[in-house]
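>
2 protein chains.
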Amino acid sequence: MNVTGHTRRSVSIRDVATAAGVSYQTVSRVINDHPSVKPSTRERVLAAIDELGFRRNSTALALASGRSRAVTVLTSNTTHYGYASVLQGIEEAARAAAYTVGIGVLESADGADEADVAAQVQRSADAGGGLIVIAYDPAGVRALGAVPAGLPVVGVVETPASPPGDDRPWVWADDREAAYKATRHLLSLGHETVHYVAIPSSTRRTSARTTGWQQALKEAGAPQPRPLQGSWGPAGGHAAGLKLAGNPAVTAILCGNDDLALGVIRALHETGRAIPGDVSVAGFDDAPHSAYLTPSLTTVRLDFTGLGRSAFALLHGVLEESAQIAPHPVSVPELIVRESSGPPPERG
Amino acid sequence: MNVTGHTRRSVSIRDVATAAGVSYQTVSRVINDHPSVKPSTRERVLAAIDELGFRRNSTALALASGRSRAVTVLTSNTTHYGYASVLQGIEEAARAAAYTVGIGVLESADGADEADVAAQVQRSADAGGGLIVIAYDPAGVRALGAVPAGLPVVGVVETPASPPGDDRPWVWADDREAAYKATRHLLSLGHETVHYVAIPSSTRRTSARTTGWQQALKEAGAPQPRPLQGSWGPAGGHAAGLKLAGNPAVTAILCGNDDLALGVIRALHETGRAIPGDVSVAGFDDAPHSAYLTPSLTTVRLDFTGLGRSAFALLHGVLEESAQIAPHPVSVPELIVRESSGPPPERG
DNA sequence: CTGAAAGCGCTTACAG
DNA sequence: CTGAAAGCGCTTACAG
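Rendered as structure tokens:
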């Protein structure tokens, strides 16, 4: 290792070539694992590379070859647990494949107009490489739609209503099944029905989560209340919780994510309802803190990092023919029963 | 599906040049806002750019000029609120400056050995551009230390024990002041002393938060208990909380972050202690859910996104002489008093 | 004010 | 198996 020569101009394949007594093309062959290089010269080149501390300039590689080994993730608010976890999964898989990962933040779901989103997509496209768009919200969906044709892109989306075509490389968790499981759980405890506080839908009114919830109610012959619209954070849950608290018939509430559930629980506390004595609450995601709330939160765990890894694998397959095109495996949600759900109160 | 993807060659400055009837060097001048271009030719070039939809190839720009307008953020676990917020702030500022932001995740604080960290730093350096290292944990500190000399880097660090030299472009929040404020608040409520559950220190034993806490105790003539070592997540807080719950003399606990506080509160609940009736608890960070916990959490708000913006501004100044070198403004922590803190119980 | 040359560090044909 | 040429799309001197 050459410790001293760091601030200097970095060593190029020409430097390595002269040190090894070969042409720089041969150096290129060695660092690209080209088969037709005589073992002895390969040795010499590798020795020179090691001695000089040569590292291939990725910018020049990208320009000359057109391949960039880079992926840019387009996402809204990275502080949300689900988003951050997907990003983490992508980074993990990208690192293993020696890919660089860039990040572009879309404005908050509400505030992102077409122009902003289009500009951000363009910027990401300019960076070269592939794109992964987390399309859990309107801004993300808009971004996914604004990607120019021909640019390799993978979408991390809500469960689509119908299976997308092969021209839509998407990955998703089984939101319908998750909501179905959670609703069944609450009904099995004896609740007459289950109310639902939804996260903002990325596109249409009836998300897969809503569908799963409704299906479970229908199968049980339970009344189907109208879903309440929440936001992403606890504030939206709090507002929805206050509304639901006004109705004494409400004994079970399913929430679109754990933060929403937190807000709902807070609102119920404020209005003097016991959990789960008076009202049961269940969330979605199994965020790290959910197990430590009081009461601890019943929720459905979704494998976001696995989803991120799948998204990268899919993109990797598109980018390099050599790479396996993984089937988009739909991760199976797991119900985690904790303290916030229990039997309904005795009826008066 | 279009497997190979981006087959359409993008338009180059030569295409623009022929369309505008000038040489490609003139096009280069126009897109670089070079002063010496005749207004009429500039017009023609701009028109051609617009018509052909030309976008400058950033890879070629980087290779030819050496400037890359890119920053890579090196960080541990992106799902923690503080880290994610700093990243958000960096991205925001970078976007405004038309910089690309890359991300490299360091292995979890405990599991990252020297080699892993060094490899990740190398990878980030290879990407070109500047580096911002979030050094709130041992892995980050190690990464900051492993950055080769000559590479532009800014550290987001815990409050340093003594002011760093000019060769250490660092930003930080005032951890000492924050801990001091929170401790003073608890003491002012009448508590005899305040116990402290610490986040893992990034380097040495006595972090600035510990110092601030101790200082407040000292000034008040309060007993100085030994700090408890926590982890980053609620699990560590829970373990520490169980220990503290065994001591009936404990009436006030300051926690190194809100997640830790969550775990402590949970442990106190499990052991039958009322909050704040029996024990007051305060956190650090003001995470989004902290206001909606039951009881809502007294905490100290730190401006992480502001810190991220400052970090980028500092790096920007290093990278481009034209950019203003912002002084690293130490963000002022704000005490947020909520339900989890109150007077101590009557003494028996 | 504008054009012709050289080159950033690499790869991809093309020779031998 | 290895070398000499051309070029990726741009910028930076250097001419005029």
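Line order of the protein sequences matches chains A and B. Each residue of the first sequence is one higher than the one before, starting from 37 at the first, in the numbering used here. Each residue of the second sequence is one higher than the one before, starting from 37 at the first, in the numbering used here. By construction, the Cβ of each residue, glycine as well, lies at the ideal position given by its N, Cα and C atoms.
What are the boundary residues of the beta strand (DSSP E) that includes Ile-170/B?
Sequence index remark: in the second sequence, residue 170/B carries index 134 (1-based). Per DSSP, Ile-170/B belongs to the beta strand (DSSP E) from 166–171.
> Below 8 Å on C-beta distance, what does Val-141/A contact in chain B?
If you number the first sequence from 1, residue 141/A lands on position 105. The contacting residues are Gln-124, Glu-127, Glu-128 and Arg-131.
> Closest Cβ-Cβ distance between His-274/A and chain B: below 8 Å?
Counting from one through the first sequence, the residue named residue 274/A turns up at place 238. Yes, His-274/A lies at the interface with chain B (some Cβ there is under 8 Å from its Cβ).
> Where are the alpha helix (DSSP H) runs, 4 residues long or more, that stay fully inside the segment 56–90 of chain A, in chain order?
Taking only runs of at least 4 residues, the alpha helix (DSSP H) segments lying wholly in the segment 56–90 of chain A are 60–67 and 75–88.
> Could one say the Cβ of Val-137/A lies closer than 8 Å to chain B's Cβ atoms, at least one of them?
Walking along the first sequence from the start, residue 137/A turns up at place 101. Yes, contact with chain B.
> Go ahead and pull the three-state DSSP assignment for Gln-250/B.
Working through the second sequence from its first residue, we reach residue 250/B at position 214. Helix at Gln-250/B.
> Less than 8 Å between the C-beta atoms of Ala-276/A and Val-300/A, yes or no?
On the first sequence, residue 276/A is found 240 positions in, with the first residue counted as 1. On the first sequence, residue 300/A is found 264 positions in, with the first residue counted as 1. Yes. Within cutoff.
> Which residue comes first and which comes last in the beta strand (DSSP E) that contains Ser-243/A?
Against the first sequence, residue 243/A aligns to sequence position 207. Run containing Ser-243/A: none; DSSP gives neither H nor E here.
> Have a look at Pro-205/A, Arg-65/A, Ser-160/A and Leu-298/A and flag the residue whose alpha-carbon is nearest the alpha-carbon of Ala-327/B.
If you number the second sequence from 1, residue 327/B lands on position 291. Selected option, being the one with the closest Cα: Leu-298/A.
> Looking at chain A, is there any beta carbon in it that lies within less than 8 Å of the beta carbon of Leu-99/B?
Residue numbering aside, residue 99/B sits at position 63 when the second sequence is read from its first letter. Chain A contact via Cβ: present.
> To test your reading of the DSSP string, which unbroken alpha helix (DSSP H) runs of 4 or more residues are found completely within the segment 331–379 of chain B?
If we require 4 residues or more, the alpha helix (DSSP H) runs fully inside the segment 331–379 of chain B come out as 340–355.
> Just to check my reading of the structure: Ser-367/A and Thr-115/B have Cβ atoms closer than 8 Å, yes? What is that Cβ distance to the nearest angstrom?
The residue you call residue 367/A lines up with position 331 of the first sequence. The residue you call residue 115/B lines up with position 79 of the second sequence. With 8 Å as the limit, Ser-367/A and Thr-115/B do not qualify as a contact, their Cβ atoms being about 17 Å apart.
> Please go through the segment 134–164 of chain A and give each complete beta strand (DSSP E) segment of 3 or more residues, from N-terminal end onward.
The segment 134–164 of chain A contains these whole beta strand (DSSP E) runs: 136–141.
> Tell me the rounded alpha-carbon separation between Ala-288/B and Ala-310/A.
The residue you call residue 288/B lines up with position 252 of the second sequence. The residue you call residue 310/A lines up with position 274 of the first sequence. If I take the Cα positions, the gap works out to 27 Å.
> Comparing C-alpha positions only, which one of Val-58/B, Thr-95/B and Arg-78/B sits nearest to Ile-67/B?
For the purposes of this step, residue 67/B is identified with residue 31 of the second sequence, where counting begins at 1. The shortest Cα separation from Ile-67/B among Val-58/B, Thr-95/B and Arg-78/B belongs to Arg-78/B.
> List, in order along the chain, the chain A residues whose C-beta lies closer than 7 Å to that of Tyr-117/B?
Locating residue 117/B in the second sequence gives position 81, where the first residue counts as 1. Ordered by position in chain A, the residues that pass the 7 Å Cβ test against Tyr-117/B are Thr-115.
> So, at 6 Å on beta carbons, what are the nonlocal neighbours of Leu-355/A in its own chain, with the 5 sequence-adjacent residues on each side left out?
Here the question's residue 355/A lines up with position 319 in the first sequence. Counting only Cβ-Cβ distances below 6 Å, and skipping sequence neighbours, we find Gly-166 and Pro-188.
> Tell whether a beta-carbon distance below 8 Å holds between Val-386/B and Val-190/B.
Past the edges of chain B, shown from 37 to 384, lies residue 386/B, and the structure says nothing about it.
> Between Ala-197/B, Ala-318/B, Ala-53/B and Val-107/B, which has its C-alpha nearest Arg-374/B's C-alpha?
Position 338 of the second sequence, counted from the start, is the residue given in the question as residue 374/B. The candidate whose alpha carbon is nearest that of Arg-374/B is Ala-318/B.
> With DSSP as the reference, label Val-315/B as helix, strand or coil.
Within the second sequence, numbered from 1, the residue matching residue 315/B stands at position 279. Three-state DSSP puts Val-315/B in coil, outside helix and strand.
> Report yes or no: is there a C-beta of chain B within less than 8 Å of the C-beta of Ala-145/A?
Within the first sequence, numbered from 1, the residue matching residue 145/A stands at position 109. Unreliable positioning characterises Ala-145/A in this predicted model, as indicated by a pLDDT of 49, which lies under 50. The coordinate reading is nonetheless provided below. Not one chain B Cβ lies under 8 Å of Ala-145/A.
> What does the alpha-carbon distance come out to for the pair Gly-266/B and Gly-125/B?
Taking the second sequence and counting its residues from 1, the one referred to as residue 266/B is at position 230. Taking the second sequence and counting its residues from 1, the one referred to as residue 125/B is at position 89. The alpha-carbon atoms of Gly-266/B and Gly-125/B are separated by roughly 27 Å.
> Can you find at least 3 beta carbon pairs, one from the segment 223–236 of chain B and one from the segment 246–253 of chain B, that sit closer than 8 Å?
The segment 223–236 of chain B, when compared against the segment 246–253 of chain B, does touch it at the 8 Å Cβ threshold.
> How many angstroms separate the CA atom of Ala-145/B from the CA atom of Ser-112/B?
Position 109 of the second sequence, counting from 1, holds the residue named residue 145/B. Position 76 of the second sequence, counting from 1, holds the residue named residue 112/B. Reliability of the predicted coordinates at Ala-145/B is poor, the pLDDT of 49 falling under 50, and the value obtained from them is presented with this limitation in mind. If I take the Cα positions, the gap works out to 7 Å.
> Going by DSSP, what residue range makes up the alpha helix (DSSP H) through Gly-176/A?
Along the first sequence, read from residue 1 onward, the residue named residue 176/A stands at position 140. Where Gly-176/A is concerned, the enclosing alpha helix (DSSP H) stretches over 174–182.
> Given this structure, state the Cα-to-Cα distance separating Leu-214/B from His-231/B, to the nearest angstrom.
Taking the second sequence and counting its residues from 1, the one referred to as residue 214/B is at position 178. Taking the second sequence and counting its residues from 1, the one referred to as residue 231/B is at position 195. According to the sequence as given, residue 214/B is Ala; it is not Leu. Taking the straight line from one Cα to the other gives about 15 Å.
> For a test of the three-state rule: what should DSSP assign to Gln-260/A, helix, strand or coil?
In the first sequence, counting from the first residue as 1, residue 260/A sits at position 224. Coil.
> Count the other C-beta atoms from every protein chain shown that fall within 10 angstroms of the C-beta of Gly-378/A, then say buried if there are 16 or more, exposed otherwise.
To locate residue 378/A, count along the first sequence from 1; it is residue 342. The residue is buried, with at least 16 neighbouring Cβ atoms inside 10 Å.
> Taking 8 Å as the threshold, find out whether the segment 193–205 of chain A comes into contact with the segment 327–336 of chain A through three or more Cβ pairs.
In short, these stretches do not touch, since the Cβ pair count stays below three.
> Could you check the C-alpha separation between Ile-372/B and Val-47/A for me, to the nearest Å?
Here residue 372/B is taken as the residue at index 336 of the second sequence, counted from 1. Here residue 47/A is taken as the residue at index 11 of the first sequence, counted from 1. Their Cα atoms are separated by approximately 54 Å.
> Can you look up Ala-289/B in the DSSP assignment and give me helix, strand or coil?
As a first step, residue 289/B is located in the second sequence; it is residue number 253 there, counting from the start. Here residue 289/B is Ile; the residue named in the question, Ala, does not match the sequence. Ile-289/B: strand per DSSP, three-state reduction.
> In chain order, what residues of the same chain lie with their CB nearer than 6 Å to the CB of Arg-388/B, ignoring the 5 residues before and after it?
As displayed, chain B neither begins before 37 nor continues past 384, which places residue 388/B out of reach and without an answer.
> Please report the Cβ distance between Gly-164/A and Thr-95/B, rounded to the nearest whole angstrom; I am assuming they are in contact, meaning their Cβ atoms lie under 8 Å.
In the first sequence, residue 164/A corresponds to position 128, counting from 1. In the second sequence, residue 95/B corresponds to position 59, counting from 1. Going by Cβ atoms, the distance from Gly-164/A to Thr-95/B rounds to 6 Å, so yes, they are a contact pair.
> Residues of chain B with a CB under 9 Å from the CB of Asp-295/A: which are they?
Stepping through the first sequence from its first residue, residue 295/A is reached at position 259. Per Cβ cutoff of 9 Å: Pro-324, His-325 and Tyr-328.
> Could you tell me whether the Cβ atoms of Ser-101/A and Pro-174/A are closer together than 8 Å?
Residue mapping note: residue 101/A aligns to position 65 of the first sequence, counting from 1. Residue mapping note: residue 174/A aligns to position 138 of the first sequence, counting from 1. Result no, Cβ atoms of Ser-101/A and Pro-174/A do not sit closer than 8 Å.
> Check this for me: beta carbons of Ile-321/B and Tyr-119/B, under 8 Å apart or not?
In the second sequence, counting from the first residue as 1, residue 321/B sits at position 285. In the second sequence, counting from the first residue as 1, residue 119/B sits at position 83. Residue identity check: residue 321/B is Asp in the sequence provided, not Ile. For Asp-321/B and Tyr-119/B, no; Cβs fall outside 8 Å.
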